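Each protein sequence line maps, in turn, to chains A and B.
Counting with this note's numbering, you get residues 253 to 574 for the letters of the first sequence.
Counting with this note's numbering, you get residues 253 to 574 for the letters of the second sequence.
2 protein chains.
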Amino acid sequence: MNLKTISKPIEKELEVFDKKFSSSLKSKVALIDLITKYILRQKGKKIRPVLVLLSAKLCGEINERSFIAANLVELLHTATLIHDDVVDDAKTRRGIASINAKWKNKVSVLIGDYLLSKGLLTAIDNNEFEFLKLTSEAVKSMSEGELLQIQKARNFDATEETYFKIISDKTASLIKTCCKLGALSTAENKEDVIRLGIYGENIGISFQLTDDVLDYTGRKKLLGKSTGNDLKEKKFTLPLIYSLKKAPSKKSNEIMKLIKSDSDKKFVKVYDFVMEYGGVDYTISKALEHSQKASEALSSFTDSEAKNSLSDFAVFVSGREF
Amino acid sequence: MNLKTISKPIEKELEVFDKKFSSSLKSKVALIDLITKYILRQKGKKIRPVLVLLSAKLCGEINERSFIAANLVELLHTATLIHDDVVDDAKTRRGIASINAKWKNKVSVLIGDYLLSKGLLTAIDNNEFEFLKLTSEAVKSMSEGELLQIQKARNFDATEETYFKIISDKTASLIKTCCKLGALSTAENKEDVIRLGIYGENIGISFQLTDDVLDYTGRKKLLGKSTGNDLKEKKFTLPLIYSLKKAPSKKSNEIMKLIKSDSDKKFVKVYDFVMEYGGVDYTISKALEHSQKASEALSSFTDSEAKNSLSDFAVFVSGREF
């Protein structure tokens with residue numbers, strides 16, 4: 253199972269989306285045109301537009317409003333990635349040089365702002381007030397979730413409850429919004445929008461849980477990024493939180509001391525610890541549980557290609573190779 | 253004449269604004285609260301809320317909508333400043349450590365995003381669709397203007413026409429929006445909104461022209477920043493553009509060569525050049541011309557304290573010490 257087979261039911265609509273997205277990036281300013289053409293060459297996975305369009309198709313016929321929603325979320329997501337690369341001083345993105353590596357930070361931040369305002373204007377020019385409200389709330393949640401995580405990391409303080417609040421805000425809020433926007437564009441009743449919201453929230457959580465497992469167990473080649481990043485940033489993710497609770501307090505205290513230290517060998521020891529006390533297994537089981545919940549949220553819909561794809565997507569997010 | 257006397261007619265309303273602004277910054281996340289309290293300590297000049305409220309007062313009675321507009325622009329402006337400091341790696345802002353110096357880049361970018369989404373939600377939650385449209389267009393223009401300026405700087409290419417397009421986009425668009433939002437909140441007819449738009453556009457241009465003169469002639473103590481920054485970034489501003497056109501081509505070619513070089517003594521020589529060929533005087537005269545146009549845009553309004561203050565503001569922006 254992969255994204256290509258999952259997006260099969262909306263294959264043609266994705267081509268239409270590509271054209272609309274490219275043309276929405278056009279500008280009279282030559283430098284902007286140059287950079288946005290480069291962005292298009294980076295070819296993102298388009299997970300968010302895929303979710304918008306599949307959700308729209310599940311609830312009705314994909315229409316102009318569905319494309320506006322897909323464009324809004326992809327512009328917003330692209331802007332976020334460009335800003336992230338500035339903050340992380342990332343040299344590459346999707347296999348080619350990042351915007352900041354090629355055009356410096358100032359230009360990157362400005363292009364991000366430009367794409368963000370373009371996204372907002374897409375919704376505004378089409379009087380999509382509700383799309384805008386949901387999206388702004390997602391942006392607010394995303395920044396709140398990330399800031400809460402940083403705050404907790406600074407205090408070496410984390411509980412399972414806070415962890416779920418953080419990932420629900422920082423990751424699931426936008427995924428949930430994608431599914432809700434898609435549903436809103438075509439659904440005839442509110443219940444369908446709510447169901448897609450529940451679906452999106454759960455795949456978002458499952459996605460992040462899987463990501464946090466992969467940060468311990470993932471192989472560089474598969475994930476395109478190395479392991480141990482969360483630990484470096486002192487982020488307490490579920491594998492660690494669970495193991496700290498399960499292990500004898502003497503052992504947990506030792507690990508906490510190690511995490512607070514500047515030791516180079518931190519990761520190997522913490523890795524052994526989270527494997528030994530079941531943190532990884534527990535997190536995988538939680539990811540599967542949320543994928544299951546996502547699928548269940550679809551149960552009242554009549555069978556369709558879109559429904560199958562969304563179910564497959566729920567399995568896909570938690571099934572990335574460990 | 254100073255900002256304090258200019259804001260006299262809206263003194264009480266500014267106090268109300270302060271309270272509303274503080275409370276709009278509150279968050280359940282402790283780290284966000286800590287940082288926003290710090291932002292409030294930085295005490296900005298509040299030029300944008302002052303313009304919103306004075307424009308509102310000129311056209312009618314300041315109301316809840318006027319405060320929503322003032323809050324929206326100040327949140328947006330604060331977010332922009334925080335992001336700017338990340339890009340410029342600025343260590344201080346308004347005399348105290350910048351957010352990025354105190355909490356690092358990642359937190360700064362996230363707080364900026366948080367404030368931006370808060371601003372959008374202020375408008376959305378109050379169904380102020382038109383405020384949102386004008387503001388998003390201003391954000392788009394601001395980034396377009398800055399990117400056009402960078403593009404032109406890279407090509408060592410600048411004409412007076414392009415220069416005015418750039419400053420109209422990057423600086424005047426938001427100032428214009430402030431005045432229009434204020435007017436929209438209270439005005440009974442569209443003409444008043446248009447007039448305030450013309451007023452704002454012209455003070456924005458006058459403000460930037462004055463800033464660009466000060467980058468050549470300003471004294472560090474007064475402006476809080478050193479001179480020659482534009483030249484360092486190869487920005488062709490009006491003092492230079494005009495002098496390059498006026499000087500004999502042999503002299504202009506010499507200066508162009510110098511600008512393209514890495515010489516340390518660039519600024520002193522270019523300074524002498526722009527003084528000799530009248531670039532500074534010409535730019536000052538243009539700033540005064542736009543201040544005059546701004547005042548003229550107010551002529552059809554009945555005399556009032558607010559009208560006097562807005563006229564004074566027009567003089568103030570071009571009259572900062574050279």
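Beta carbons: idealized from backbone N, C-alpha and C, even for Gly.
Just so we're clear, the structure is a prediction, and the values are computed from it rather than from any experiment.
With a threshold of 8 Å between beta carbons, is residue i in contact with chain B?
i: residue 396 of chain A; result: yes
i: residue 460 of chain A; result: no
i: residue 381 of chain A; result: yes
i: residue 369 of chain A; result: yes
Under 7 Å between beta-carbons, which chain A residues line up against residue i? List them in chain order, please.
i: residue 365 of chain B; result: 391, 395
i: residue 357 of chain B; result: 339
Between the options, which has its C-alpha nearest residue i's C-alpha?
i: residue 382 of chain B; options: A/372, A/389, A/486, A/387; result: A/372
i: residue 433 of chain B; options: B/486, B/302, B/553; result: B/302
i: residue 532 of chain B; options: B/466, B/323, B/566; result: B/466
i: residue 516 of chain A; options: A/325, A/484, A/454, A/444; result: A/484
i: residue 299 of chain B; options: B/537, B/452, B/504; result: B/452
i: residue 632 of chain B; options: B/343, B/482, B/385, B/354; result: There is no way to answer for residue 632 of chain B, as the model of chain B reaches only from 253 to 574.
i: residue 445 of chain A; options: A/534, A/430, A/456; result: A/430
i: residue 392 of chain B; options: A/374, A/379, A/400; result: A/374
i: residue 549 of chain A; options: A/364, A/365, A/566; result: A/566
i: residue 520 of chain B; options: B/536, B/556, B/492; result: B/492
i: residue 479 of chain B; options: B/530, B/523, B/457, B/501; result: B/523
i: residue 560 of chain A; options: A/310, A/526, A/405; result: A/310
i: residue 296 of chain A; options: A/315, A/268, A/449, A/348; result: A/348
i: residue 462 of chain A; options: A/439, A/423, A/499, A/496; result: A/423
i: residue 512 of chain B; options: B/528, B/487, B/502; result: B/487
i: residue 508 of chain B; options: B/407, B/287, B/262; result: B/407
Looking only at DSSP bridge pairs, what is residue i linked to?
i: residue 349 of chain B; result: B/344
For residue i, go through chain A and note every residue whose CB falls closer than 8 Å to its CB, in chain order.
i: residue 304 of chain B; result: Under the 8 Å cutoff, chain A gives no residues; its nearest Cβ is about 20 Å from residue 304 of chain B.
i: residue 281 of chain B; result: 396, 399, 400, 403
i: residue 309 of chain B; result: In chain order: nothing, as chain A lies at least about 28 Å away.
Tell me, please, whether the CB atom of residue i is closer than 8 Å to any CB atom in chain A?
i: residue 402 of chain B; result: yes
i: residue 473 of chain B; result: In this predicted model, residue 473 of chain B has a pLDDT of only 47, less than 50, meaning its place in the structure is not dependable enough to derive any value.
i: residue 320 of chain B; result: no
i: residue 277 of chain B; result: no
i: residue 257 of chain B; result: no
Using a C-beta to C-beta distance shorter than 7 Å, which residues of chain B count as neighbours of residue i?
i: residue 335 of chain A; result: 361
i: residue 372 of chain A; result: 388
Going along chain B, which residues have a C-beta under 8 Å from residue i?
i: residue 384 of chain A; result: 372, 376, 384
Give the DSSP-derived three-state secondary structure of residue i in the structure shown.
i: residue 500 of chain B; result: coil
i: residue 569 of chain B; result: helix
i: residue 454 of chain A; result: helix
i: residue 550 of chain A; result: coil
i: residue 479 of chain A; result: coil
i: residue 265 of chain A; result: helix
i: residue 296 of chain A; result: coil
i: residue 523 of chain B; result: helix
i: residue 254 of chain B; result: coil
i: residue 485 of chain B; result: coil
i: residue 380 of chain A; result: coil
i: residue 277 of chain B; result: coil
i: residue 473 of chain B; result: For residue 473 of chain B, the predicted model reports a pLDDT of 47, less than 50, meaning its position is unreliable and no value from the coordinates is stated.
i: residue 530 of chain B; result: coil
i: residue 443 of chain A; result: helix
i: residue 374 of chain A; result: helix
i: residue 410 of chain B; result: coil
What in chain B is Cβ-close to residue i, meaning under 9 Å?
i: residue 284 of chain A; result: 395, 396, 399, 400, 403
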